[in-house]
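192 is the number of the first residue of the first sequence in the working numbering; add one for each residue after it. Ideal Cβ placement from N, Cα and C applies to all residues, glycine included. Worksheet: the structure to be examined is printed underneath.
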Amino acid sequence: MSDQRYEDSQLYKIRHSAAHVMAEAMLERFPEAKIAIGPPIEDGFYYDFDLPTAINDEDIKWVEKRMKKLLAQSHRFTLHEVTPAQAREIFHDQPYKLELIDDLVNGRLDDNGGPIAAPAEKLTIYTQSNFTDLCRGPHVESTKEINPKAVSISLRRPAGAYWRGDEKRQQLTRIYGTAWQTPEELRDYRARLEEAIKRDHRVLGEKLDLFVIDPMVGKGLPLWLPNGAVLRDTLERWLREIQIERGYLPVVTPHLGNIELYKTSGHYPYYADSQYSPIDVDGDEFLLRPMNCPHHCRIYSSQPRSYRDLPLRYAEFGTVYRYEQSGELRGLTRVRGFTVDDAHLFVRPDQLLGEFMAVVKLIQHVFGSLGMTDFRARIGTRDADSDKYVGDNQLWEEATAAIVSACETLGLDYHIEEGEAAFYGPKLDFIVRDVLKREWQLGTVQVDYNLPDRFDLEYVDSDNERKRPVMIHRAPFGSLERFIGILIEHFAGAFPAWLAPVQAVIIPIRESHNDYAVEVEDLLKTRGMRVKADLQNRNMRSKIKQHRRMNIPWLLIVGDRDIENRTVSVRLRGDEDLGAMALAEFVGGARERIDSYSQELGL
RNA sequence: GCCACCAUAGCUCAAUUGGCAGAGCACCUGUUUUGUAAACAGGUUGUUCUGGGUUCGAGUCCCAGUGGUGGCUCCA
Numbered sequence: 192m193s194d195q196r197y198e199d200s201q202l203y204k205i206r207h208s209a210a211h212v213m214a215e216a217m218l219e220r221f222p223e224a225k226i227a228i229g230p231p232i233e234d235g236f237y238y239d240f241d242l243p244t245a246i247n248d249e250d251i252k253w254v255e256k257r258m259k260k261l262l263a264q265s266h267r268f269t270l271h272e273v274t275p276a277q278a279r280e281i282f283h284d285q286p287y288k289l290e291l292i293d294d295l296v297n298g299r300l301d302d303n304g305g306p307i308a309a310p311a312e313k314l315t316i317y318t319q320s321n322f323t324d325l326c327r328g329p330h331v332e333s334t335k336e337i338n339p340k341a342v343s344i345s346l347r348r349p350a351g352a353y354w355r356g357d358e359k360r361q362q363l364t365r366i367y368g369t370a371w372q373t374p375e376e377l378r379d380y381r382a383r384l385e386e387a388i389k390r391d392h393r394v395l396g397e398k399l400d401l402f403v404i405d406p407m408v409g410k411g412l413p414l415w416l417p418n419g420a421v422l423r424d425t426l427e428r429w430l431r432e433i434q435i436e437r438g439y440l441p442v443v444t445p446h447l448g449n450i451e452l453y454k455t456s457g458h459y460p461y462y463a464d465s466q467y468s469p470i471d472v473d474g475d476e477f478l479l480r481p482m483n484c485p486h487h488c489r490i491y492s493s494q495p496r497s498y499r500d501l502p503l504r505y506a507e508f509g510t511v512y513r514y515e516q517s518g519e520l521r522g523l524t525r526v527r528g529f530t531v532d533d534a535h536l537f538v539r540p541d542q543l544l545g546e547f548m549a550v551v552k553l554i555q556h557v558f559g560s561l562g563m564t565d566f567r568a569r570i571g572t573r574d575a576d577s578d579k580y581v582g583d584n585q586l587w588e589e590a591t592a593a594i595v596s597a598c599e600t601l602g603l604d605y606h607i608e609e610g611e612a613a614f615y616g617p618k619l620d621f622i623v624r625d626v627l628k629r630e631w632q633l634g635t636v637q638v639d640y641n642l643p644d645r646f647d648l649e650y651v652d653s654d655n656e657r658k659r660p661v662m663i664h665r666a667p668f669g670s671l672e673r674f675i676g677i678l679i680e681h682f683a684g685a686f687p688a689w690l691a692p693v694q695a696v697i698i699p700i701r702e703s704h705n706d707y708a709v710e711v712e713d714l715l716k717t718r719g720m721r722v723k724a725d726l727q728n729r730n731m732r733s734k735i736k737q738h739r740r741m742n743i744p745w746l747l748i749v750g751d752r753d754i755e756n757r758t759v760s761v762r763l764r765g766d767e768d769l770g771a772m773a774l775a776e777f778v779g780g781a782r783e784r785i786d787s788y789s790q791e792l793g794l
């Protein structure tokens, strides 16, 4: 792998050019289609079309076949510079292109009317075969550079997409394709997709009896089955312990709050789109809470605070409810009720940097312990021209500087994104990549000068002056639901022993070994392990098959020899047979693996 | 929310294209007692997602709704 930017790579040119060839084939199939845009993307490319009729599988097959034929025919990509007038003539029957031409000529503007690009006097077009597109390039010299056997458009289904990403505008049909330099790379990509499907947390969630989503309960409202609840509870207890070691204090607050709470916090207007309708309670309005911070602020103000009390770190696994459009819901990763591993730190300004760094270290520790190493950090700052943020300019500057300084000191791989801040302050997000190469925002840390102000939070400083604390919001998991969804895919359902809902199953070889199996079960339970003896009326081999499917870390086979020698015969998940092992030796080894949060099972 | 596709037993899927709703797994009952990836026999399981319509006849065709999937928009 080189450090070359994707935009400069041969692969980028191949994909960009393949998109044009696909558009040419599509126009042969649908001569009345209107073409929109067709850029390269990660792993491939797409092109958006406004089609006269719905597209079906047969059309896709036809287009793919035609596309490969065009690719094999060695067409040159030629670049021309044209004036806007010439461009309008060339694309006179392509309304989307005409709109793009207008924008280029006028210089593009952002949502607030600020210029993004200078007005263009010359436009570039690319032509290959019988197809011409308004395009900045770059492209391959000739379709010869593209191996037709490394291109596919049938791997992914066509889908709707809005013109210019605006849900109020025309919806187009997006055809996705993938293109690689060699057929082998295409095969690897296919294999990756298949692996991702196998790891899908919705499929594994059902197979491993972790959770269900029941339409009668409601979409986006998962029900945790015993196995899933054990997993979730184990994670919670683990994080709770880490937090207690670091001076966090537990608090518990209700899932509803008087609407005045959210009007005071300022969340109410900002979260209007994601809140549920208020609930009338004896004439007062209550909200299902969309976040936990206001409750924690009120705990802070329940007593007078001294500078000696700070920092105060309030932690709660707080369940919140947010409205999500039905089409957005997906397994555990996008739900309507979820639990944030939330904490709010109330700190003096002189403690901000140190506390912030401690939080970042905690998050690094959490991810590192789970072997989630493919993550990056994103500093979200405010967009200077937008009015959706509250608070004093200087405070924003200070907070942003503190975050950047913390990232520098900790040597974090970070980048800054404007406009990604919370409305009340800048934030640092941890973005993890999963097996499908999708990015998920998980842990988040936010600096907030605004809520302390709105709730009039104070402490008495050493000079006997009343001063304002700074707040840090943070959640390493982000939400337990999403985090577990990603963990399931991360481990492909084969959790490390400390997280596994069932850590060991004892399998007697014959019915006469049942008593010993139960004895082993009881012993392991007294040592705090999650185990069960399988006394079903079926043979040993079928039991092994069944528990293999459930990804049980340790299978303990017991028969005459084991009873005689007080041993268990250990079979690891992954099918390694460790043979007979003294009972005490197994317990000691297993406990060591569990207590050290190890991802290894060998003893 | 929008576009497209999909919906048959707990799960995975059949049903000769409009003509008696089935198989494997799971589950239940027996028999069997096996040293590391499926013992044998029998049995239970359905408002074919819901509601309308077309037809002598609908799992199959049409309409509406609900739910799911892939995207878009949005997001912890």
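Query, Result
"Compare the Cα-Cα distances from Phe-686 to each of Asp-654, Arg-784, Ser-703, Tyr-707 and report the closest residue.", "Arg-784"
"Consult DSSP for Leu-137 and reduce its assignment to one of helix, strand or coil.", "In the structure displayed, the chain extends from 192 to 794; residue 137 sits before or after that span and is not available."
"Can you name, in chain order, every residue of its own chain whose Cβ lies under 6 Å from the Cβ of Arg-360, other than the five neighbours on each side?", "Tyr-353, Trp-354"
"By Cβ distance, which residues of its chain are closer than 6 Å to Pro-231, with the 5 residues on each side in sequence left out?", "Tyr-203, Arg-206, His-207"
"Give the DSSP-derived three-state secondary structure of Met-772 in the structure shown.", "strand"
"What three-state label does DSSP hand Asn-449 in the structure shown?", "strand"
"Would you check if there are 3 or more beta carbon pairs closer than 8 Å linking the segment 482-498 to the segment 404-418?", "no"
"Just tell me which of Arg-327, Phe-282, Pro-349 has its CA closest to the CA of Tyr-238.", "Pro-349"
"Assuming Pro-643 and Pro-660 are in contact, meaning their beta carbons sit under 8 Å apart, how far apart are those beta carbons, in whole angstroms?", "5 Å"
"Going straight from the alpha carbon of Thr-635 to that of Val-442, what length do you get?", "20 Å"
"Please list the segments of the alpha helix (DSSP H) lying wholly inside the segment 354-421, counting only runs of 4 or more residues, in order along the chain.", "374-390, 392-398"
"From which residue to which residue does the beta strand (DSSP E) around Ile-622 run?", "618-624"
"Would you kindly work out how many angstroms separate the C-alpha atoms of Val-511 and Leu-479, rounded to a whole number?", "7 Å"
"Using a Cβ-Cβ cut-off of 7 Å (strictly less than) and excluding sequence neighbours within five positions of Lys-335, which residues of its own chain qualify?", "Ser-265"
"By the three-class DSSP mapping on this structure, what secondary structure does Gly-474 have?", "coil"
"From Gln-195 to Ser-733, what does the alpha carbon distance come to, in whole angstroms?", "53 Å"
"So who's on the other strand from Tyr-317, going by DSSP bridges?", "Leu-270, Asp-324"
"Thinking just about the alpha-carbon of each residue, which of Glu-680, Val-696, Asn-705, Arg-701 is nearest to the one in Glu-385?", "Glu-680"
"DSSP state of Glu-332, grouped into three classes?", "coil"
"Could you pull out every residue in the same chain whose Cβ sits closer than 7 Å to the Cβ of Leu-262, ignoring the five residues on either side in sequence?", "Val-212, Thr-334, Ile-337, Pro-339, Val-342"
"Assign Met-731 to one of three DSSP states: helix, strand, or coil.", "helix"
"So, do the segment 580-588 and the segment 532-551 have three or more beta carbon pairs nearer to each other than 8 Å?", "no"
"How would you call Gly-750, buried or exposed, if buried means at least 16 neighbouring beta carbons within 10 angstroms?", "buried"
"Taking 7 Å as the threshold (C-beta atoms), are Ile-251 and Ser-345 in contact?", "yes"
"Considering just the uninterrupted stretch of the alpha helix (DSSP H) at Lys-723, what are its terminal residues?", "No alpha helix (DSSP H) contains Lys-723, which is instead part of the beta strand (DSSP E) from 722-724."
"According to DSSP, which residues form a beta bridge with Leu-536?", "Arg-504, Ile-663"
"Which term fits Glu-357, buried or exposed, when burial requires 16 or more other beta carbons within 10 angstroms of its beta carbon?", "The residue you asked about is not Glu; residue 357 is Asp in the sequence shown. Exposed."
"I'd like to confirm something about Ser-493: is its beta-carbon nearer than 6 Å to some heavy atom of the ligand SAM, or not?", "As presented, the structure is devoid of all ligands, the ligand SAM included, so that no description of it is given."
"Using 10 angstroms around the beta-carbon of Thr-572, count the other beta-carbons present and answer buried if the total reaches 16, otherwise exposed.", "buried"
"Relative to the C-alpha of Leu-503, which residue among Ile-435, Arg-569, Asp-532 is closest?", "Ile-435"
"Just to confirm my understanding: we take Pro-744, look at its own chain, exclude 5 residues before and 5 after, and list those with CB closer than 6 Å. What are they?", "Ala-688, Ala-691, Gln-694, Arg-764, Leu-792"
"Does DSSP classify Arg-525 as helix, strand or coil?", "strand"
"Going by the beta-carbon positions, is the gap between Gln-790 and Gly-562 smaller than 7 Å?", "yes"
"Mind checking Met-217: buried by the 16 CB within 10 Å criterion, or exposed?", "buried"
"For Glu-427, which option in Asn-705, Asp-574, Ala-666, Asn-728 has the closest C-alpha, if you only look at C-alpha atoms?", "Ala-666"
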